[in-house]
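Below you'll find the structure, written out as structure tokens, and then a few comments.
In the numbering used here, the protein residues as written are 2 to 472.
This is the structure:
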């Protein structure tokens, strides 16, 4: 009986804190099964970062290079925070390299913005304009560091509010200060030297269903979402802001969870790089992964709340199984292109694949990838048939099968390389990247503490929007 009373008390505390953190209310245009938004790869023709001069292999190589920077930042944050030091736990901040974007409509009337969608961070922040400064914005601005891209003007919205210093939301920020007006100010510095700061605020967010999604044409309006109104940005361009999709309390996922009809869950289905179609990012009941062959693995608690971490147990090729070292956490991340695994797994994996794949070897570019083959003159369909499946064993008995498109990529014309790299001092944490997640429906459920993987034909589920459609 005492244990039951304690559990109920803890549950009540959790409910109260969630209510204080976000008084979100969702108003769904029609239906009640959640909503889906377009998940835009940064290299797609629908991205403001698209470079039409690059070939498809060149885009993959650039993404692989970016992933090493991001992997290093994710790894450092995870290792530093999960390993106590003399100075205690260290606040984690991911670097800005990214791979996916999403459109958000903020304010009343709404302003459409295209922001980074990041599964490795929490805070939502968007660029705010200086013209007609709202209350508290003038004191926070830096005239020498104007935010790039589209800027949201709070003075033109009837639903914009500033957040007090003594709020629960303000206490969740790793770096916060209090202005003379008792309003909460934040400052975020990233691993690549970029920096953003501004005022913590609340606003109404409106999400339009992705083209081709169920309920296409409907909108979901969510009021009182905590976000950073960024008045200062210094560094490389990151679009119109960032939407944190991590597991922490300030992420969009956690804030949507304040509405019990949506819950703290989301999923995505990533189309392969070679396919000209849109990926989809799903929230609420629509995020449920019930596809045939779905497998579920439990999340591992971590001091870095933003990260989605599962247990890596083994890697299997054919009848050969290679066991992971003891305590092998694996970060599931859509913002990292390559997959990073312990050297104790990568070395035998490379050896086994080398013996099974009957293709001439090729030189690895910049020593970035451990195994490459010369596929010039070989038809694409024939190459895929020559590459064996790789099965990744996870906690709870889950086994995720990776096809050729999940393990190998063409990084230059005629050169196919394994999209897996070994952990090192520079990359001390394992990460399963977005190439390994292509043509998979991947669902994150914070309420249940699970991640679910299922094979899926992502491009057929969400066809490409017309070229005239706005991003």
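Cβ atoms here follow ideal geometry from the backbone N, Cα and C, with glycine treated the same way. Just so we're clear, the structure is a prediction, and the values are computed from it rather than from any experiment.
Q | For residue 38 and residue 103, the rounded distance between their alpha carbons | A | Mapped onto the chain shown, residue 103 falls at position 102. Mapped onto the chain shown, residue 38 falls at position 37. Taking the straight line joining both Cα atoms gives about 7 Å.
(Q) Alpha carbons only, please: which of 301, 365 and 425 is nearest the one belonging to residue 342? (A) Taking the chain shown and counting its residues from 1, the one referred to as residue 342 is at position 341. The candidate whose alpha carbon is nearest that of residue 342 is 425.
Q: Compare the beta carbon distance of residue 243 and residue 452 with 8 Å and say whether it is the shorter of the two.
A: In the chain shown, the residue the question calls residue 243 occupies position 242. In the chain shown, the residue the question calls residue 452 occupies position 451. Inclusion of residue 243 and residue 452 in the CB contact set at 8 Å is not warranted, their separation being larger than that value.
Q: Check each candidate in 210, 229, 226 and 120 and name the one with the smallest Cα separation from residue 219.
A: Here the question's residue 219 lines up with position 218 in the chain shown. Nearest in C-alpha terms to residue 219, of all of 210, 229, 226 and 120, is 210.
Q) Given residue 337, which residues of its chain have a CB within under 6 Å of its CB, disregarding the five upstream and five downstream residues? A) Reading the chain shown from its first residue, position 336 is the one you call residue 337. The answer, listed in chain order, is 68, 71, 72, 432 and 434.
Q.
For a test of the three-state rule: what should DSSP assign to residue 84, helix, strand or coil?
A. By 1-based counting over the chain shown, the position of residue 84 is 83. Note that residue 84 scores a pLDDT of 41, beneath 50, so its modelled location is shaky; the value from the coordinates is reported in the next line. DSSP, reduced to helix, strand and coil, places residue 84 outside both helices and strands of the structure shown, so it counts as coil.
Q. If residue 444 and residue 281 are in contact, beta carbons under 8 Å, what's the gap, nearest whole angstrom?
A. Within the chain shown, the letter at position 443 stands for residue 444. Within the chain shown, the letter at position 280 stands for residue 281. The pair is not a contact, with the Cβ atoms about 12 Å apart (cut-off 8 Å).
Q: Taking only the alpha-carbon atoms, compute the straight-line gap between residue 188 and residue 200 and give it to the nearest angstrom.
A: Along the chain shown, one-based indexing puts residue 188 at 187. Along the chain shown, one-based indexing puts residue 200 at 199. As the crow flies, the alpha-carbon of residue 188 is around 9 Å from that of residue 200.
Q: Entirely within the region 149-221 and at least 3 residues each: give me those beta strand (DSSP E) ranges in chain order.
A: Note on the region 149-221: whole beta strand (DSSP E) runs with a minimum of 3 residues are 177-179, 185-190 and 196-209, in chain order.
Q: Using the Cα positions of residue 257 and residue 285, report the straight-line distance between them to the nearest angstrom.
A: As a working note, residue 257 is residue 256 in the chain shown. As a working note, residue 285 is residue 284 in the chain shown. Our two residues, residue 257 and residue 285, have alpha carbons roughly 8 Å apart in a direct line.
Q) In chain order, what residues of the same chain have a beta carbon less than 8 Å from the beta carbon of residue 65, not counting five sequence neighbours either side? A) As a first step, residue 65 is located in the chain shown; it is residue number 64 there, counting from the start. Listed in chain order, the non-local C-beta contacts of residue 65 below 8 Å within the same chain comprise 338, 339, 369, 370, 410, 412 and 420, local neighbours out to five positions each way being set aside.
Q: Could you tell me whether the Cβ of residue 292 comes closer than 8 Å to any Cβ of chain C?
A: Any reference to chain C falls outside this structure, which holds one protein chain only.
Q. At what residue ranges does the region 384-415 contain a whole run of the alpha helix (DSSP H), taking only runs of 4 or more?
A. Residue ranges of uninterrupted alpha helix (DSSP H) with 4 or more members, entirely inside the region 384-415 and ordered along the chain, are 405-408.
Q | Span separating the alpha-carbon of residue 440 from that of residue 119 | A | In the chain shown, the residue the question calls residue 440 occupies position 439. In the chain shown, the residue the question calls residue 119 occupies position 118. Using only the alpha carbons, I get a separation of about 19 Å.
**Q.** Rounded C-alpha distance that separates residue 270 from residue 40
**A.** Within the chain shown, numbered from 1, the residue matching residue 270 stands at position 269. Within the chain shown, numbered from 1, the residue matching residue 40 stands at position 39. Approximately 9 Å between the Cα atoms of the pair.
Q: Apply the 10 Å Cβ neighbour rule to residue 334 and answer buried if 16 or more other Cβ atoms are within range, or exposed otherwise.
A: Residue 334 sits at position 333 when you count from the first residue of the chain shown. Taking all protein chains in view, the Cβ of residue 334 is crowded by 16 or more other Cβ atoms within 10 Å, so the residue is classified as buried.
**Q.** Euclidean distance between Cα positions of residue 359 and residue 408
**A.** Numbered from 1 along the chain shown, position 358 holds the residue referred to as residue 359. Numbered from 1 along the chain shown, position 407 holds the residue referred to as residue 408. Computed Cα separation, rounded: 16 Å.
Q.
Distance check for residue 115 and residue 52, CA to CA, integer angstroms please.
A. Against the chain shown, residue 52 aligns to sequence position 51. Against the chain shown, residue 115 aligns to sequence position 114. If you take the alpha carbons of residue 52 and residue 115, they lie about 17 Å apart.
Q: Please name the residue or residues paired with residue 328 in a DSSP beta bridge.
A: If you number the chain shown from 1, residue 328 lands on position 327. Beta bridge pairing from DSSP links residue 328 with no other residue.
(Q) I need the straight-line Cα distance from residue 344 to residue 423, nearest angstrom please. (A) Along the chain shown, read from residue 1 onward, the residue named residue 344 stands at position 343. Along the chain shown, read from residue 1 onward, the residue named residue 423 stands at position 422. Rounded to whole angstroms, residue 344 to residue 423 spans 5 Å at the Cα level.
Q. At what residues does the beta strand (DSSP E) containing residue 342 begin and finish?
A. Within the chain shown, the letter at position 341 stands for residue 342. Looking at the DSSP string, the run of the beta strand (DSSP E) that includes residue 342 is 340-342.
Q. Taking the continuous beta strand (DSSP E) assigned at residue 318, which residues delimit it?
A. Translated into positions along the chain shown, residue 318 becomes position 317. 310-318 is the span of the beta strand (DSSP E), which, as asked, contains residue 318.
Q) Using DSSP with H/G/I as helix, E/B as strand and the rest coil, what is residue 242? A) The count along the chain shown starts at 1 and reaches residue 242 at position 241. Residue 242 falls in the strand class under three-state DSSP.
Q | CA-to-CA distance, residue 229 to residue 400, given in whole angstroms | A | Within the chain shown, numbered from 1, the residue matching residue 400 stands at position 399. Within the chain shown, numbered from 1, the residue matching residue 229 stands at position 228. As the crow flies, the alpha-carbon of residue 400 is around 39 Å from that of residue 229.
(Q) What does the Cβ neighbour count give for residue 386, buried or exposed, with the cut at 16 atoms within 10 Å? (A) Working through the chain shown from its first residue, we reach residue 386 at position 385. Exposure of residue 386 is indicated by the presence of fewer than 16 other C-beta atoms within 10 angstroms of its C-beta.
Q) Are the CB atoms of residue 246 and residue 253 nearer to each other than 8 Å? A) As a working mapping, residue 246 is identified with position 245 in the chain shown. As a working mapping, residue 253 is identified with position 252 in the chain shown. Yes, they are a contact pair.
Q: Just mark residue 207 as buried or exposed, buried being the case when its beta carbon has 16 or more other beta carbons within 10 Å.
A: The residue given as residue 207 occupies position 206 in the chain shown. Buried: at least 16 other Cβ atoms inside 10 Å.
Q) When the distance is taken between beta carbons, is residue 346 closer than 8 Å to residue 318? A) Along the chain shown, read from residue 1 onward, the residue named residue 318 stands at position 317. Along the chain shown, read from residue 1 onward, the residue named residue 346 stands at position 345. Contact flag unset, no.
Q.
When you compare the CB positions of residue 442 and residue 290, do they come within less than 8 Å of one another, or not?
A. Working through the chain shown from its first residue, we reach residue 442 at position 441. Working through the chain shown from its first residue, we reach residue 290 at position 289. Contact: yes.
**Q.** Euclidean distance between Cα positions of residue 403 and residue 107
**A.** Along the chain shown, read from residue 1 onward, the residue named residue 403 stands at position 402. Along the chain shown, read from residue 1 onward, the residue named residue 107 stands at position 106. Looking at the backbone, the Cα of residue 403 and that of residue 107 are separated by about 38 Å.
Q. Within 10 angstroms of its Cβ, does residue 279 collect 16 or more other Cβ (buried), or is it exposed?
A. For the purposes of this step, residue 279 is taken as residue 278 along the chain shown, with counting starting at 1. Buried, because 16 or more other Cβ atoms sit within 10 Å of the Cβ of residue 279.
Q. How many Å lie between residue 110 and residue 155 at the Cα?
A. For the purposes of this step, residue 110 is taken as the residue at position 109 of the chain shown. For the purposes of this step, residue 155 is taken as the residue at position 154 of the chain shown. Residue 110 and residue 155: Cα-Cα distance of roughly 10 Å.
Q.
Looking only at its chain, what residues have a beta carbon closer than 7 Å to the beta carbon of residue 140, apart from the 5 residues adjacent to it on each side?
A. For the purposes of this step, residue 140 is identified with residue 139 of the chain shown, where counting begins at 1. Any answer about residue 140 is weak, because its pLDDT of 45 lies below 50 and its placement is not dependable; what the coordinates show is given next. Closer than 7 Å at Cβ, skipping near neighbours: 180.
Q) What's the call for residue 397, buried or exposed, on a 16-neighbour Cβ count within 10 Å? A) Position 396 of the chain shown, counting from 1, holds the residue named residue 397. In this structure residue 397 is exposed. Its beta-carbon is surrounded by fewer than 16 other beta-carbon atoms within 10 angstroms.
Q) Can you give the beta carbon distance from residue 234 to residue 128, rounded, assuming they're within the 8 Å contact cut? A) Position 233 of the chain shown, counted from the start, is the residue given in the question as residue 234. Position 127 of the chain shown, counted from the start, is the residue given in the question as residue 128. Correct: roughly 7 Å between the Cβ atoms.
Q. Which of helix, strand or coil does DSSP assign to residue 278?
A. In the chain shown, the residue the question calls residue 278 occupies position 277. Residue state, collapsed to three classes: coil.
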